[in-house]
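Participant: No gaps in the numbering here: position 83 of the sequence shown is 243 in the working numbering, and each next residue is one more. All C-beta atoms, glycine included, are put in the ideal place defined by N, C-alpha and C. The structure that follows is given in the form of structure tokens.
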Amino acid sequence: EKTRSEFSTLKEYAEYKVNPELYKKRQLKRIAGLSPTQKEHYLYRGIRYSDVPDEYKKILNSAKVGDVIVPDWGVACTTPTASCATAYCSDSVDSGLLRIKVPKGAHLAGVEANGFIEFHMPSLSEYKLLDKHKVGDLTIFDLEYIIPDLSNIN
Numbered sequence: 161e162k163t164r165s166e167f168s169t170l171k172e173y174a175e176y177k178v179n180p181e182l183y184k185k186r187q188l189k190r191i192a193g194l195s196p197t198q199k200e201h202y203l204y205r206g207i208r209y210s211d212v213p214d215e216y217k218k219i220l221n222s223a224k225v226g227d228v229i230v231p232d233w234g235v236a237c238t239t240p241t242a243s244c245a246t247a248y249c250s251d252s253v254d255s256g257l258l259r260i261k262v263p264k265g266a267h268l269a270g271v272e273a274n275g276f277i278e279f280h281m282p283s284l285s286e287y288k289l290l291d292k293h294k295v296g297d298l299t300i301f302d303l304e305y306i307i308p309d310l311s312n313i314n
């Protein structure tokens, strides 16, 4: 059972509560029209554990290499710059860095704001945990984004 704090908006949470399968289908429809990426690349997401729900921490920390996880039920903002993501969480003693391998053909929304480029990972994104290790107080999670099947969403 997901909680309100795991969604970007109250509307998304309400949609999920009424019909979880319909919610997932709507999220996939949102990305189906986006242009697919032309090559494999990496994106990064800095996590301050003090800013995320306990369930999010539990999902990341209990995952084993090879597990498929869904840490974000809402849209997750990422950056193509590791230093930018690391700077976001560097002032936190308890933090993590998601290093996300994005395969060629993924459908992601890119946004430019204030001179920075962000990519929005779709709601309900699945990731395979490739590695997890500590560097000082920072836990680094190497993930691979699993491209959802968009063939049957109509």
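#1: My output table needs one value for Glu172: the three-state DSSP class, helix, strand or coil.
#2: Using the rule of at least 16 other Cβ atoms within 10 Å of the residue's Cβ for burial, across every protein chain shown, is Pro196 buried or exposed?
#3: With a 10 Å radius around its C-beta and 16 neighbouring C-beta atoms as the bar for buried, classify Asp232 as buried or exposed.
#4: What does the Cβ neighbour count give for Gln187, buried or exposed, with the cut at 16 atoms within 10 Å?
#5: Can you give the beta carbon distance from Leu310 to Ala223, rounded, assuming they're within the 8 Å contact cut?
#6: Mapping DSSP to helix, strand and coil, what is Ile260?
#7: So is Val262 buried or exposed if we call it buried at 16+ other beta carbons inside 10 Å?
#8: State the DSSP-derived secondary structure class of Ser255, mapped to helix, strand or coil.
#9: Is it the case that the Cβ atoms of Arg205 and Leu290 are separated by a distance below 7 Å?
#10: What first and last residue would you give for the beta strand (DSSP E) that runs through Asp291?
#11: Put Glu278 into one of helix, strand or coil per three-state DSSP.
#12: Starting from the N-terminal side, write out each stretch of the alpha helix (DSSP H) that is 4 residues or longer and does not extend beyond the segment 207-242.
#13: Exposed or buried, Gly256, counting other C-beta atoms within 10 Å across all chains shown (16 or more means buried)?
Facilitator: Put simply:
#1: Taking the sequence shown and counting its residues from 1, one reaches residue 172 at position 12. The three-state secondary structure of Glu172, taken from DSSP, is helix.
#2: Within the sequence shown, the letter at position 36 stands for residue 196. Exposed, since its Cβ has fewer than 16 Cβ neighbours within 10 Å.
#3: Looking up residue 232 in the sequence shown gives position 72. By the neighbour-count rule (16 or more Cβ atoms within 10 Å), Asp232 is buried.
#4: The count along the sequence shown starts at 1 and reaches residue 187 at position 27. Buried, since its Cβ has 16 or more Cβ neighbours within 10 Å.
#5: As a working note, residue 310 is residue 150 in the sequence shown. As a working note, residue 223 is residue 63 in the sequence shown. With a contact defined as Cβ atoms closer than 8 Å, Leu310 and Ala223 miss out at about 25 Å.
#6: Within the sequence shown, residue 260 is the residue found at index 100, counting from 1. The DSSP-derived three-state label of Ile260 is strand.
#7: Taking the first residue of the sequence shown as 1, we reach residue 262 at position 102. Within a 10 Å sphere around the beta-carbon of Val262 sit 16 or more other beta-carbons, which makes this residue buried.
#8: As a first step, residue 255 is located in the sequence shown; it is residue number 95 there, counting from the start. Reduced to three states, the DSSP call for Ser255 is strand.
#9: Within the sequence shown, the letter at position 45 stands for residue 205. Within the sequence shown, the letter at position 130 stands for residue 290. The beta carbons of Arg205 and Leu290 sit no closer together than 7 Å.
#10: Residue numbering aside, residue 291 sits at position 131 when the sequence shown is read from its first letter. Its beta strand (DSSP E) spans residues Glu286 to Val295.
#11: In the sequence shown, counting from the first residue as 1, residue 278 sits at position 118. Under the three-state reduction of DSSP output, Glu278 falls in the strand class.
#12: Those alpha helix (DSSP H) runs which fall completely within the segment 207-242 and span 4+ residues are 214-222.
#13: If you number the sequence shown from 1, residue 256 lands on position 96. The Cβ neighbour count for Gly256, taken over all protein chains shown within 10 Å, is at least 16; the residue is labelled buried.
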